[in-house]
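Notes to accompany the following structure.
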Amino acid sequence: MATKVSIYREKIRKALMAEFGLKNVMEVPVLEKICINAGIGDASSDAKLIETAAKEIQAITGQKPVLTRAKKAIATFKVRGGQPIGVKVTLRGEKMWNFVENLVNVALPRVRDFKGLPYNSFDNQGNYTLGIKEQIIFTEINFDEVKRVRGFNVTFVMSTNNKDYARSLLKAIGLPIVNK
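With the numbering used here as the guide, the letters of the sequence shown map in order to residues 11 to 190.
See below:
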């Protein structure tokens, strides 16, 4: 069975070179990493929420997340400086491709009323950010153990600043981006 990395190198890269008329292989956009961030707003009142969110993100990604801490105190939100307020994971290499395959083939089809991913979620650097509203769309999460449904952000970081190149790369990988 071919891995996503070999499929990218053998098929997708050649197709993108032909589509955009690129002469050099180094000009072809590459998926460098995937960053997953989950902010836990209720963490100031209950510290166990951070632990459960970290376990869930670890189950989804296969990698232990890093705690993100508040940079300074904000009295309005009852947050102290240095207090844990979220978790993040950066995936590269084989784990990144496994996550993409799981997201495209298993998780996104389980989303209710799914009509595709938004067309214009690119930033100026060519990165694509997608918000997932419920962590329970992933099969690694046991629905019976979930106390609170949480969402998180997934950012696909690419080696190009051109949004068209990045969009074509993500479509070739298999993300169902819908033209609107």
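Even for Gly, the Cβ is constructed at its ideal location relative to N, Cα and C.
I think residue i touches residue j, with their Cβ atoms under 8 Å apart; what is that distance to the nearest whole Å?
i    : j    : result
G96  : N47  : 7 Å
L42  : V167 : According to the sequence displayed, residue 42 carries Glu and not Leu. Contact holds; Cβ gap of about 5 Å.
L179 : I187 : Not a contact, Cβ separation roughly 10 Å.
A176 : F132 : 6 Å
Q145 : E61  : Contact doesn't hold; Cβ gap of about 14 Å is too wide.
Go ahead and label residue i buried or exposed: buried means 16 or more other beta carbons lie within 10 angstroms of its beta carbon, across all protein chains shown.
i    : result
G136 : buried
Y129 : exposed
T86  : exposed
P119 : exposed
E104 : exposed
V35  : exposed
R19  : exposed
E29  : exposed
Tell me which same chain residues have a C-beta within less than 8 Å of the C-beta of residue i, skipping the five on either side of it?
i    : result
M11  : Since pLDDT at M11 reaches only 47, below the 50 mark, its modelled position is unreliable, and the value read off the structure follows with that caveat. Nothing listed; no residue qualifies.
L32  : L26 and V38
M106 : L41, K43 and I44
D76  : The amino acid occupying residue 76 in the given sequence is Val; Asp does not appear at that position. Here the set comprises V97, K98 and V99.
N134 : N171
For residue i, which three-state DSSP category applies?
i   : result
A48 : strand
M11 : Confidence at M11 is low in this model, with a pLDDT of 47, below 50, so its placement is unreliable and the value that follows should be read with caution. M11: coil per DSSP, three-state reduction.
L32 : coil
P94 : strand
V99 : strand
R23 : helix
R79 : strand
K88 : coil
K65 : helix
K74 : coil
Which same chain residues end up closer than 7 Å to residue i when comparing Cβ atoms and leaving out the 5 residues on each side of it in sequence?
i    : result
R79  : G92, Q93, P94 and I95
A63  : A48, I50, V97 and R160
E150 : A69 and I70
A182 : I22, A25 and L26
L185 : V114 and L127
A117 : I147 and F148
D154 : none
Apart from the five residues on each side of it in sequence, which residues of its chain come closer than 6 Å, Cβ to Cβ, to residue i?
i    : result
K209 : No information on residue 209 is available, as it lies outside the stretch 11 to 190 that the chain covers here.
Under 8 Å between C-beta atoms, does residue i make it to chain D?
i    : result
I147 : You won't find chain D in this structure, because it holds only one protein chain.
Every unbroken beta strand (DSSP E) within the region 126-187, with a cutoff of 3 residues, ordered by chain
Entirely contained in the region 126-187, the beta strand (DSSP E) runs reaching 3 residues are, in chain order, 138-142 and 162-168.
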